[in-house]
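Residue numbers (the working numbering): 1 to 264. For glycine and all other residues, C-beta sits at the position ideal for the given N, C-alpha and C. Remember, predicted model here, so these are calculated numbers, not experimental data. Written below as structure tokens is the structure these notes are about.
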């Protein structure tokens, strides 16, 4: 039997009259290229979840078309062009609603503060794309690991102060027609922390980062408030959700703070 004569069961009518909100593929790995602030192309591996809404009268969606879209050409993204793949999904899947989530590690070369030795620092990034009834939105999320040092511990101790590694998570919606640079979010979080992290540190670097953290103590509340000031001033963002989790070194729990702001 030729392919043209094979039955297409998923195109049959469905009589249960129930809309499926999301149907598609989940957790598929595919090579991508992330375009950074300077236009450099950074190859990495993306993990995609791609779905559409299925009308009540259609039995099934065309799962293979999601994969075909990824294999159509180079998957090159930043926050300014991610909506194009959402449009393509809606067109190819014949739907007016689509959701795409793309997770990937982003590597950034950093120089240690004293020795200047270079190493790659990794950040976990997520791009979200939604198209619903002709209206699209793109959001970007990044988890930035930093150091935080406790102001209270510093003020009450004769010497030293407890510090910990913290995760700053910024999820921001990009203003339509704008590009939100990932590096801007990373740098904002690192600048407001007690100290940023590096993959490689020599002895003289360890001295610098230890003293820098001691000179810049910050509660979890300070971290989110200081970063929120910068996010509020960024005209490329119209909504954000900002979290800080400090993995306490003297407690068996984390300190946590969240700020959410729909700017417009």
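When you compare only the Cα positions, how much space is there between residue i and residue j?
i: residue 73; j: residue 171; result: 28 Å
i: residue 147; j: residue 223; result: 11 Å
i: residue 66; j: residue 89; result: 7 Å
i: residue 132; j: residue 175; result: 16 Å
i: residue 158; j: residue 259; result: 34 Å
i: residue 25; j: residue 135; result: 22 Å
i: residue 266; j: residue 47; result: Residue coverage of the chain in this structure runs from 1 to 264, which leaves residue 266 outside it and unanswerable.
i: residue 63; j: residue 105; result: 26 Å
i: residue 251; j: residue 143; result: 22 Å
i: residue 167; j: residue 208; result: 21 Å
i: residue 87; j: residue 9; result: 26 Å
i: residue 215; j: residue 117; result: 23 Å
Can you check whether the CB of residue j is closer than 7 Å to the CB of residue i?
i: residue 130; j: residue 99; result: yes
i: residue 228; j: residue 242; result: yes
i: residue 32; j: residue 78; result: no
i: residue 162; j: residue 150; result: yes
i: residue 49; j: residue 126; result: no
i: residue 138; j: residue 226; result: no
i: residue 195; j: residue 213; result: yes
i: residue 51; j: residue 22; result: yes
Where does residue i fall in DSSP's three states?
i: residue 172; result: strand
i: residue 13; result: strand
i: residue 227; result: helix
i: residue 159; result: coil
i: residue 183; result: helix
i: residue 19; result: coil
i: residue 264; result: coil
i: residue 196; result: strand
i: residue 76; result: strand
i: residue 149; result: strand
Strictly by DSSP, which residues pair up with residue i?
i: residue 134; result: DSSP, once it has assigned bridges, lists no residue as partnering residue 134.
i: residue 32; result: 44
i: residue 99; result: 51, 130
i: residue 255; result: 246
Is the CB of residue i under 7 Å away from at least one CB in chain B?
i: residue 222; result: Note that chain B does not occur in the displayed structure, where there is just one protein chain.
>> Can you confirm whether the region 182-197 touches the region 246-263 when touching is taken to mean that 3 or more C-beta pairs between the two stretches lie within less than 8 Å?
In response: no
> Do three or more CB pairs link the region 87-101 to the region 110-119 at distances below 8 Å?
Replying inline: no
> Three or more beta-carbon pairs under 8 Å between the region 173-181 and the region 235-243, yes or no?
Replying inline: yes
>> Measuring CB atoms only, is the region 11-24 touching the region 52-60, in the sense that at least three cross pairs come out at less than 8 Å?
In response: yes
> Between the region 115-124 and the region 190-204, do at least 3 Cβ pairs fall closer than 8 Å?
Replying inline: yes
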